[in-house]
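Below: the structure, in structure tokens.
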Amino acid sequence: MAQPLVKKDDDRDEEADYSPFLGIEKGAVLQEARVFNDPQLDARRCSQVITKLLYLLNQGDSFTKVEATEVFFAVTKLFQSKDNGLRRMVYLIIKDLSPSADEVIIVTSSLMKDMNSRTDMYRANAIRVLCRITDGTLLTQIERYLKQAIVDKNPVVASAALVSGIHLLQTTPEIVKRWSNEVQEAVQSRAALVQFHALALLHQIRQNDRLAVSKLVTSLTKGAVRSPLAQCLLIRYTSQVIRETGVNSQTGDRPFYDYLESCLRHKAEMVIFEAAKAITELSNVTTRELTPAITVLQLLLSSSKPVLRFAAVRTLNKVAMTHPMAVTNCNIDMESLISDQNRSIATLAITTLLKTGNESSVDRLMKQITNFMSDIADEFKIVVVEAIRSLCLKFPLKYRSLMNFLSNILREEGGFEYKKAIVDSVVLLIRDIPDAKESGLLHLCEFIEDCEFTYLSTQILHFLGNEGPKTSDPSKYIRYIYNRVILENATVRASAVSTLAKFGALVDSLKPRIFILLRRCLFDNDDEVRDRATLYLNSLGDGSVAETDKDVKEFLFGSLDIPLTNMETTLRNYAQNPTEEPFDINSVPREVKSLPLVEKKAPGKKPTPLGPPPPAPTSASDAYERLLSSIPEFANFGKLFKSSVPVELTEAETEYAVNVVKHIFDHYVVFQYNCTNTIPEQLLENVTVIVDASEAEEFSEVGVKPLKSLPYDTPAQTFVAFERPEGTPAVGKFSNTLRFTVKEVDTSTGEAEDDGVEDEYQLEDFEVVAADYILKVGVSNFRNAWESMDPDTERIDEYGLGPRESLVEAVNAVISLLGLQPCEGTETVPNNSRSHACLLSGVYIGNAKVLVRLSFGMDSSKEVAMKLAVRSDDVNVSEAIHEIVASG
Amino acid sequence: MATFLSHETCPTIKNILLLDSEGKRVAVKYYSDEWPTNSAKLAFEKSIFTKTHKTNARTEAEITMVENNIIIYKFVQDLHFFVTGGDDENELILATVLQGFFDAVTLLLRNNVDQREALENLDMILLCLDEIVDGGIILETDGSIIAGKVATHSVDDGAPLSEQTISQALATAREHLTRSLLK
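Protein sequences appear in the order of chains A and B.
Quick note: the first sequence uses full-length UniProt numbering, first residue 1, plus one each step.
Quick note: the second sequence uses full-length UniProt numbering, first residue 1, plus one each step.
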């Protein structure tokens, strides 16, 4: 009207971008829906209105409760029409409106009528609609029809009933399970998709019955399955059966492997691929089993269809993680995929090649990757960087070209995650490849000159402080570090000050110059920076060229071997109870409570803004320590070294539940028996545990603390204390009997009778083992910790562990025998590997630090051999560790 | 272990999308509650559209991964077809579903596969989606069967497509020929 110009534009838009729904508006369409109520129904017009309503729903418009109900009731009127097309649209909109239970009743009878109609399409659709909107109560009414429909001659009707069954199994399993005879019949159907749907439903009905699933697979793998989709299902079920049955130990054959292998020759690509994938995912798959699958996947690599290439390269990529050698045959095909139009395929190809490549191909690969890096997204780049990192560790001699590559991509644009992946990789290379150190450090220095991420700058500065002073020319790094003090934010400045101080402490010749720089920092406008500078100036001496005190070095470089969460808890307690005494760091418990986060880098001197410490876990050992020190008999036993986890001494659900916690002191052992009385009609009094230590010669009993009374369902403790030779890891077996006086209790009044009867109750035995004398204490950097220990304390020996099921089992057995803390995630053994190295650390009784390196190897007959290297503060301790393994 | 469990069950389709050349919806159907709200759905559509629209998926279906989902897609004229499945799903099964959807739409729109035609026959597209997948479970993957089921019910055409009369078939063929000559 008043906007002729705009109007003109609209016209032109309409021309180019015409849509029948242009300017559609919900209110108007709802008005239009009144035609549903006309006595003379215009089927075509009604269909159009429904399409409009569906369009609105599809575009994300939502109807209010009232609107939806109104539309729904209007729609139900349309069942009067005999028009096929309109009926289909009615079905569709009923499903989309998802009516509430009381509304469903309105359409139930119409739908049930359609379910018995002679038109197949009506039957099929009415079943699907009704099963979608119905609840359990209605289902019993229509169950009979559904069972009929499952075996209907028309495949569409049968499929509709079967698929509805699959959905209903989630909500009303008890009803659907009654249909298994019909479903079984449908599995034999000649219609491909009916067979597929029937198989899916039958398996879901029986999935908790292993034997039934196994039978199903056995009968079907003999070849009655027609549709490729059903064949894929069968392959999945077969691998499940294989996984649950395991390898036949006599012949070494895997049941059903032949079936999977035969599927590799199926005519449908979908089935071939499913079978190949299933074979690669078999647990402990052998090279012989893998080969046919790899061959098939290799063929798919050169397919013209991107989907096939992607599927094949993704599967091979996964295989390369565990069986790199099996994939090398495909390397030539892989290399041609690097230039694939589809970047996902190219990235997968590259990372696979990096996993399988040999030393001579590294240079060529790096050249190809460099061209490729500029046009992929960050997420792909991270994958590539991680693959390069592991390649570098595999071929240390090639560090030069890999380091070059990393430094190049470090200079390019990229987000935080990507840069962090690169920096982590460079740090790892520097740490593991000594030759790469100097160039790597310089690359990092250049990076922090122009780094927008505070977190990365502080990490690098910290790392530089540890590694820089040990290089041939430490002075060349100072410039980069001091630039940070001038140019960066407070957090980075503070890190830079610490780094400068480390150079000053280790490189005596630089000390006077460092002092000048540090003094300048005294005028910084940030507290933390000034405080650090002051602290370091005071601790580093007088600024002359002189060797730094050992204590100061220890202070600067010693890693905090106390878990930070424990430190935080203790400090908080200290701050809450004001006292004159200075805080003693030795009062912080060293035991790791929760699963420790073994960080790649040593913990920074302050919590970084990106990683707030997790909430302090409630510490069990604190509670034990408080409990024990409150008992006067045990008060003079000294400091508690370790408390074990509770060991159950009774079966579950017996009259009395008892478990024991072993508390180890330097000179004593205290057993804490936690008892619970589960009989409401009884009250126990004077409860003690009679301990027979005849199989534990080095222990002598020194005291018992009985429990006065043990009412129903109230846990309480009784204690027994033993003395043992100081500092030794004495072991032994203890048998226990619970002795008490029983009094009957009248449950209605809760009063106990006066007279009791003496009784005994046999408990199970338990042992004190070597691991009880070892505290789990992690170290943040195992390599540094190992090197800082005196090599003279090292003891190495080899052991045969006999035949084992898998390496995982052997590794776990040794770890639990020693009771040490696995470091740097080395307790996890990759699937199917034949050798493994594991790093452990801990504290032995008498406060001796222990570090252990384990190397495991497994031969073809599953015999496991282990090399054990120990370093510790005390040679005797190293020998004691070997003693534990030798006797364990 | 969770991935193993999902792997043992039936192949599952998370959604089927038909978007226009600007990434706007023509017709979409979600079978998974991974995207509970309309805005989550729109965000997902936007992310896959921006990730794929520059690629060439006109002759063969292409594939990519977004948010741990596999997406198979194909473009024709100004229409973009997508099928999404979990990251452990058999890629080829998903591709078969996409092909079935695509073939059925091509048949139903009598080879005029573009946005305008699709919107004008939106009822058929929606019925088509309904016949391919039911609650995430594949119902049918053969394009001509799907189109047949939909066409039986279309208002203006009583006969299934497979039973076209000779004159209809000729008309279609003529249409084909003219179009190829005009190109």
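Note that beta-carbon positions come from the ideal geometry of N, C-alpha and C, so glycine has one too.
Predicted model, so just to flag it, every value in this text is computed and none were measured.
Item, Value
"Sequence-distant residues of its chain with Cβ nearer than 8 Å to A/Glu695 (five each side left out)", "Gly732, Lys733, Phe734 and Ser735"
"Beta-carbon proximity of A/Val529 to A/Val497, cut-off 9 Å", "yes"
"Chain-order list of residues whose beta-carbon lies under 8 Å from that of A/Lys437 (same chain, five-residue window excluded)", "Ile430, Glu467 and Thr471"
"Straight-line Cα distance separating A/Val507 from A/Asn487", "A small fix is needed here, since residue 487 of chain A is Leu in this sequence, not Asn. In a straight line, the C-alpha of A/Leu487 is about 25 Å away from that of A/Val507."
"A/Val885 classed as buried or exposed, judged by whether at least 16 other C-beta atoms fall within 10 angstroms", "buried"
"A/Ala505 - containing alpha helix (DSSP H), residue span", "Ala490 to Leu506"
"Backbone secondary structure at A/Val660 - three-state DSSP", "strand"
"Interface residues of chain A facing B/Arg25 [CB-CB closer than 9 Å]", "Asn58, Gln59 and Gly60"
"Cβ pair A/Ile631, A/Phe719 closer than 9 Å", "yes"
"Minimum Cβ-Cβ distance from A/Pro20 to chain B less than 9 Å", "yes"
"Neighbourhood of A/Lys26 by C-beta distance below 7 Å, restricted to the same chain and skipping five residues each side", "Leu56 and Asp61"
"A/Leu464 and A/Leu441 closer than 9 Å at C-beta", "yes"
"Buried or exposed (CB count within 10 angstroms, at least 16 for buried), A/Ala494", "buried"
"Cβ-based burial, A/Ser629 [other Cβ within 10 Å; buried from 16]", "exposed"
"Straight-line Cα distance separating A/Val362 from B/Ser64", "The sequence given here places Thr at residue 64 of chain B; Ser does not occur at that position. For B/Thr64 and A/Val362, the distance between alpha carbons rounds to 27 Å."
"A/Tyr482 to A/Leu537 span [Cα, whole Å]", "16 Å"
"Spatially closest choice to A/Leu264 from A/Val704, A/Tyr91, A/Leu290 and A/His462, by CA coordinates", "A/Leu290"
"Nearest-angstrom Cα separation, counted from A/Asp114 out to A/Arg123", "6 Å"
"Close beta carbons around B/Asp20, own chain, < 8 Å, minus the five adjacent residues each side", "Val26, Asp78, Leu79, His80 and Gln115"
"Exposure label - A/Arg572; buried when at least 16 CB within 10 Å", "exposed"
"Every unbroken alpha helix (DSSP H) within the stretch 87-149 of chain A, with a cutoff of 4 residues, ordered by chain", "101-115 and 120-133"
"Test item: CB-CB of A/Leu818 and A/Val864 under 9 Å", "no"
"Residue closest to A/Val271, alpha-carbon to alpha-carbon, out of A/Ala149, A/Arg226 and A/Ser816", "A/Arg226"
"Proximity of residue 925 of chain A and A/Val814 at Cβ, strictly below 9 Å", "The question about residue 925 of chain A has no answer, for chain A in this structure spans 1 to 888."
"Selected residue, minimal CA-CA separation from A/Ser100, among A/Met89, A/Val66 and A/Leu78", "A/Val66"
"The stretch 190-210 of chain A: positions lying closer than 7 Å to chain B by Cβ", "Leu193 and Ala200"
"Under 8 Å (Cβ pairs) to chain B, residues found in the stretch 270-286 of chain A", "Met270, Phe273, Glu274 and Lys277"
"Chain-ordered neighbours of B/Leu126 on chain A, where CB pairs are closer than 8 Å", "Thr51, Leu54, Asn58 and Leu92"
"Neighbouring residues, chain A, relative to B/Ala61 (Cβ below 9 Å)", "Lys305, Pro306 and Val307"
"For A/Asn674: DSSP bridge partner residues", "A/Asn659 and A/Gln717"
"Residue closest to A/Ile845, alpha-carbon to alpha-carbon, out of A/Lys82, A/Leu710, A/Lys639 and A/Phe405", "A/Lys639"
"Whole runs of the alpha helix (DSSP H) within the UniProt domain \"AP complex mu/sigma subunit\" (12-151) of chain B, excluding any shorter than 4 residues", "38-52, 91-108, 115-120, 122-132 and 143-151"
"Strand pairing of A/His836, partner residues [DSSP]", "A/Phe856"
"Listed by chain order, chain A residues near B/Thr96 by CB distance under 7 Å", "Met270"
"A/Pro617 at chain B interface by Cβ criterion, 9 Å", "Low per-residue confidence applies at A/Pro617: pLDDT is 40, beneath 50, and the placement is therefore not dependable, though the value from the model is reported in the following sentence. No, no contact with chain B."
"Neighbouring residues, chain A, relative to B/Gly135 (Cβ below 7 Å)", "His167"
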